[in-house]
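As structure tokens, the structure follows; a few thoughts come after it.
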DNA sequence: TTGATCTCCTTATTATTTTAGCTTATTTTT
DNA sequence: AAAAATAAGCTAAAATAATAAGGAGATCAA
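Residue numbers (full-length UniProt numbering), protein chains in the order written: chain A, 1 to 158; chain B, 1 to 158.
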């Protein structure tokens with residue numbers, strides 16, 4: 001069994017994926033174990049970092065973050081990669097940054113307030129070392145998405 | 001103030017984004033309110049669906065889901081969109097599905113076990129009504145990502 | 001002003017989680 | 001093969017957390 005997990009662990013993980021605040025007695029009922037046994041299993045799953053963290057998922061649409069986009073960036077020279085990645089890390093509106101195969105070297109997932117903040121972000125990215133091209137696809141509507149907000153970014157009162 | 005939220009609500013939301021299982025007494029300390037007051041605020045935030053749900057985030061890399069990719073799909077004829085979306089919903093390996101501007105009509109984020117399951121998924125997608133073209137970018141490495149697993153998909157014993 | 005509403009508090013009650021101690025099964029060591 | 005160690009489960013008790021109930025003070029509308 002992979003990673004020393006059994007069916008019971010899998011059941012617990014799957015349930016916590018959907019119900020991140022599920023109580024131990026509820027899980028215990030599902031897997032037919034006592035509450036302390038479930039606690040112990042959860043502790044181990046967290047200790048082994050199979051569960052990396054727990055998050056509340058917020059509805060970004062309700063917070064005046066209207067624009068979601070995927071931005072393909074061509075970063076020339078892999079010397080420039082570490083610095084580029086560090087910069088994306090410091091941009092809270094960049095939700096994800098992936099190094100990819102094919103056209104472009106990186107894809108960014110972005111969530112920002114409006115066209116103005118989006119444009120500013122894009123021109124900021126363009127100015128970074130090694131960035132030669134970028135292409136954006138703005139999201140019109142989403143299905144199956146996580147609707148996350150940039151957690152560092154202040155959610156401004158309006 | 002947007003959506004009737006004040007600074008205290010924002011603090012609670014931000015903390016729950018990072019600590020999805022945070023306890024009410026911990027939150028109470030952060031915002032300098034009593035535990036029942038925090039409870040009441042959480043209840044309202046959930047009721048208003050500002051918090052859509054809570055999730056445990058699992059480390060996909062530890063579960064033999066090696067391949068993450070972004071797939072651009074061109075679906076011809078918007079009549080075909082609803083059916084297309086329904087089909088992506090039934091594919092647990094499709095984590096996200098977005099309708100987009102620019103080249104292609106939809107972008108999918110995919111997480112799958114290996115090249116074999118990836119290829120099968122791609123050819124399945126190609127066979128759907130209206131799908132004329134697709135282009136994939138496989139993720140080599142990721143930064144700032146949520147590393148989610150397809151929650152419906154069985155995590156197979158190995 | 002008066003009543004209604006809202007948000008907070010404290011205290012008491014109920015529920016959940018953790019700890020402790022014990023049992024059994026399995027694996028490792030001698 | 002027997003003994004020891006380890007792992008994982010259980011129950012019962014203790015500790016901690018969450019909820020419910022009741023009341024105070026502020027704000028707003030009639």
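Where a beta carbon is used, it is the ideal one built from N, C-alpha and C, also for glycine.
Since the structure is predicted, the reported quantities are computational estimates derived from the model, not experimental observations.
For this session: Return the bridge partner residues of residue 96 of chain B from the DSSP annotation.
Result: Reading the second chain from its first residue, position 96 is the one you call residue 96 of chain B. BP columns for residue 96 of chain B point to B:109.
Exercise. Do three or more CB pairs link the region 78-94 of chain A to the region 116-129 of chain B at distances below 8 Å?
Worked result: Because the criterion of three Cβ pairs below 8 Å is not met, the region 78-94 of chain A and the region 116-129 of chain B do not touch.
Exercise. Does DSSP put residue 137 of chain B in a helix, in a strand, or in coil?
Worked result: Within the second chain, the letter at position 137 stands for residue 137 of chain B. Residue state, collapsed to three classes: strand.
For this session: Could you tell me the distance, in whole angstroms, from the CA atom of residue 110 of chain B to the CA atom of residue 132 of chain A?
Result: By 1-based counting over the second chain, the position of residue 110 of chain B is 110. By 1-based counting over the first chain, the position of residue 132 of chain A is 132. Distance between the alpha carbons of residue 110 of chain B and residue 132 of chain A is about 27 Å.
Exercise. Are any of the Cβ atoms in chain A nearer than 7 Å to that of residue 52 of chain B?
Worked result: On the second chain, position 52 is the one that residue 52 of chain B refers to. At least one chain A Cβ lies under 7 Å of residue 52 of chain B.
Exercise. Listing by chain order, which chain A residues have their CB less than 8 Å from the CB of residue 121 of chain B?
Worked result: Numbered from its first residue, the second chain carries residue 121 of chain B at position 121. Within chain A, no residue comes near residue 121 of chain B; the closest Cβ sits about 15 Å away, beyond 8 Å.
Exercise. Going by alpha carbons, who is nearest to residue 90 of chain A out of A:27, A:128 and A:75?
Worked result: By one-based count along the first chain, residue 90 of chain A stands at place 90. Nearest of A:27, A:128 and A:75 to residue 90 of chain A, Cα basis: A:128.
For this session: Classify residue 141 of chain A as buried or exposed, calling it buried when 16 or more other Cβ atoms lie within 10 Å of its own Cβ.
Result: Here residue 141 of chain A corresponds to residue number 141 of the first chain, with the count starting at 1. Exposed is the call here.
For this session: Would you check if the distance between the CB atom of residue 139 of chain A and the CB atom of residue 98 of chain B is smaller than 7 Å?
Result: Translated into positions along the first chain, residue 139 of chain A becomes position 139. Translated into positions along the second chain, residue 98 of chain B becomes position 98. At a Cβ-Cβ threshold of 7 Å, residue 139 of chain A and residue 98 of chain B count as neighbours.
For this session: List the residues of chain A that residue 21 of chain B touches, going by C-beta distances under 8 Å, in chain order.
Result: Indexing the second chain from 1 puts residue 21 of chain B at position 21. Chain A residues near residue 21 of chain B: 20, 21 and 54.
Problem set entry | Residues of the region 75-96 of chain A with Cβ closer than 7 Å to any Cβ of chain B, in chain order | Per Cβ criterion, the list reads 85, 88, 89, 94, 95 and 96.
Exercise. Between residue 160 of chain A and the rest of its own chain, which residues show a CB-CB distance below 6 Å, the 5 nearest in sequence each way excluded?
Worked result: As displayed, chain A neither begins before 1 nor continues past 158, which places residue 160 of chain A out of reach and without an answer.
Problem set entry | Three-state secondary structure assigned by DSSP to residue 160 of chain B | Because chain B is modelled from 1 through 158, residue 160 of chain B falls outside the range shown and cannot be assessed.
Exercise. Which residues of chain A have a Cβ atom closer than 9 Å to the Cβ of residue 102 of chain B, listed in chain order?
Worked result: Here residue 102 of chain B refers to the residue found at position 102 when the second chain is read from its first residue. Contact of residue 102 of chain B with chain A by beta-carbon distance below 9 Å involves 135, 136, 137 and 138.
Problem set entry | Interface partners of residue 33 of chain A on chain B, CB under 9 Å | Translated into positions along the first chain, residue 33 of chain A becomes position 33. Ordered by position in chain B, no residue passes the 9 Å Cβ test against residue 33 of chain A, which lies about 18 Å from the chain.
Exercise. Of all the options B:49, B:59 and B:57, which has the alpha carbon lying nearest to the alpha carbon of residue 63 of chain A?
Worked result: Numbered from its first residue, the first chain carries residue 63 of chain A at position 63. Checking every option, the nearest Cα to that of residue 63 of chain A belongs to B:49.
For this session: Check whether the Cβ of residue 39 of chain A lies closer than 7 Å to any Cβ atom in chain B.
Result: In the first chain, counting from the first residue as 1, residue 39 of chain A sits at position 39. With 7 Å as the cut-off, residue 39 of chain A does not count as an interface residue toward chain B.
Problem set entry | Rounded C-alpha distance that separates residue 41 of chain A from residue 21 of chain A | Position 41 of the first chain, counted from the start, is the residue given in the question as residue 41 of chain A. Position 21 of the first chain, counted from the start, is the residue given in the question as residue 21 of chain A. One C-alpha to the other measures close to 15 Å.
Exercise. Among B:39, B:37, B:30 and B:23, which residue has its Cα nearest to the Cα of residue 55 of chain A?
Worked result: Along the first chain, one-based indexing puts residue 55 of chain A at 55. Residue 55 of chain A has its Cα closest to that of B:23, out of B:39, B:37, B:30 and B:23.
Problem set entry | Nonlocal neighbours in the same chain, by C-beta distance under 7 Å from residue 105 of chain B, ignoring five residues either side | Counting from 1 along the second chain, the entry for residue 105 of chain B is found at position 105. Answer for residue 105 of chain B: 73, 74, 75 and 99, listed in chain order.
For this session: Over the uninterrupted beta strand (DSSP E) stretch that includes residue 122 of chain B, give me the two end residues.
Result: Residue mapping note: residue 122 of chain B aligns to position 122 of the second chain, counting from 1. No beta strand (DSSP E) contains residue 122 of chain B, which is instead part of the alpha helix (DSSP H) from 115-126.
Exercise. What residue from B:125, B:7, B:69 and B:87 has the CA that sits closest to residue 143 of chain A's CA?
Worked result: Residue 143 of chain A sits at position 143 when you count from the first residue of the first chain. For residue 143 of chain A, the closest of B:125, B:7, B:69 and B:87 by C-alpha to C-alpha distance is B:87.
For this session: Could you tell me the distance, in whole angstroms, from the CA atom of residue 134 of chain B to the CA atom of residue 68 of chain B?
Result: Residue numbering aside, residue 134 of chain B sits at position 134 when the second chain is read from its first letter. Residue numbering aside, residue 68 of chain B sits at position 68 when the second chain is read from its first letter. Cα to Cα, residue 134 of chain B sits roughly 16 Å from residue 68 of chain B.
Exercise. By DSSP, does residue 84 of chain B sit in helix, in strand, or in coil?
Worked result: As a position in the second chain, residue 84 of chain B is number 84, starting the count at 1. If DSSP states are grouped into helix, strand and coil, residue 84 of chain B belongs with the helices.
Exercise. How big is the Cα-Cα spacing for residue 52 of chain A and residue 101 of chain A?
Worked result: The residue given as residue 52 of chain A occupies position 52 in the first chain. The residue given as residue 101 of chain A occupies position 101 in the first chain. Approximately 26 Å, taken between the alpha carbons.
Exercise. From the beta carbon of residue 105 of chain B, is the nearest beta carbon of chain A less than 7 Å away?
Worked result: Residue 105 of chain B sits at position 105 when you count from the first residue of the second chain. With a threshold of 7 Å between beta carbons, residue 105 of chain B makes no contact with chain A.
Problem set entry | Which listed residue (B:43, B:103, B:28 and B:78) has its alpha carbon closest to that of residue 130 of chain B | Taking the first residue of the second chain as 1, we reach residue 130 of chain B at position 130. The candidate whose alpha carbon is nearest that of residue 130 of chain B is B:78.
Problem set entry | 4-residue-minimum alpha helix (DSSP H) runs that sit fully inside the UniProt domain "HTH asnC-type" (5-66) of chain A, ordered along the chain | Within the UniProt domain "HTH asnC-type" (5-66) of chain A, the complete alpha helix (DSSP H) runs of at least 4 residues are 7-18, 24-31 and 35-47.
Problem set entry | Top-ranked residue by Cα proximity to residue 121 of chain B, from B:25, B:103 and B:93 | Working through the second chain from its first residue, we reach residue 121 of chain B at position 121. Shortest Cα-Cα distance from residue 121 of chain B to any of B:25, B:103 and B:93 involves B:93.
Problem set entry | Chain-order list of residues whose beta-carbon lies under 6 Å from that of residue 25 of chain B (same chain, five-residue window excluded) | Residue mapping note: residue 25 of chain B aligns to position 25 of the second chain, counting from 1. Closer than 6 Å at Cβ, skipping near neighbours: 35.
Exercise. Mind checking whether residue 31 of chain B and residue 10 of chain B have CB atoms under 7 Å apart?
Worked result: By one-based count along the second chain, residue 31 of chain B stands at place 31. By one-based count along the second chain, residue 10 of chain B stands at place 10. Contact: no.
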